[in-house]
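Positions in the sequence shown are counted from 1; adding 5 to them yields my numbering. To start, the structure itself, in structure tokens.
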Amino acid sequence: MSDGLDVIVIDDDPGICEIIAELIENFYTWGKVYCFSKPDEAIAFCLNRDIGVAIFVVDVFLDGLSGFYFLDAIEQNYPTAHEDTIIISGNASDDVVNMCLASNVNYLLEKPLKPYALQLAVRAITAKYLDFAKKLLQDQRFAENVARL
């Protein structure tokens with residue numbers, strides 16, 4: 006396990022999963038990138054981790070399951086999983102957009118992915134955590150208040 010903010014990629018097509026992971030590894034330096042083509046393995050991996058924060062890149066349809074099912078399955082350990090997810094879809098229909106909105110997922114990218122769009126979406130989620138960490142380091146009073154929670 007890394008001490009950073011890891012990225013977990015789930016796509017039921019192993020080739021696409023690896024390509025997405027490689028794209029992210031080309032620019033991402035704040036943690037490790039993990040790739041899963043079987044949703045059950047991804048769920049088990051996530052539920053067995055000590056840290057409950059990660060960035061997720063999830064295909065909307067996963068071998069008979071929904072990407073939203075995956076997010077719901079790990080939500081007990083990752084309370085911000087939906088907010089920290091980029092849903093990917095071969096066809097971003099109104100139904101997919103509505104599922105994202107209903108699940109509090111703010112990032113939706115269509116396949117074939119544009120590397121710059123993926124990079125910006127990952128960076129937007131990362132920035133939230135980097136800004137929070139910076140605030141903790143720079144504001145002693147804020148850090149003490151957070152520690153009391």
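Backbone N, C-alpha and C define an ideal beta-carbon position, used for all residues, glycine too. This one's a predicted model, so the numbers in the text were calculated from it and none came from an experiment.
Reduced DSSP secondary structure (H/G/I, E/B, other) of residue i
i	result
L141	helix
I60	strand
Y83	coil
F32	coil
R54	coil
Beta carbon of residue i nearer than 8 Å to that of residue j
i	j	result
I15	I130	no
V62	I91	yes
D99	D17	no
E80	N111	no
Buried or exposed by the 16-neighbour rule on C-beta atoms within 10 Å, applied to residue i
i	result
P19	exposed
L76	buried
L28	buried
Per DSSP, cross-strand counterpart(s) of residue i
i	result
I13	Y39 and F61
I93	D64 and L114
S71	F66
Integer-rounded CB distance, given that residue j should sit under 8 Å from residue i
i	j	result
V102	L113	7 Å
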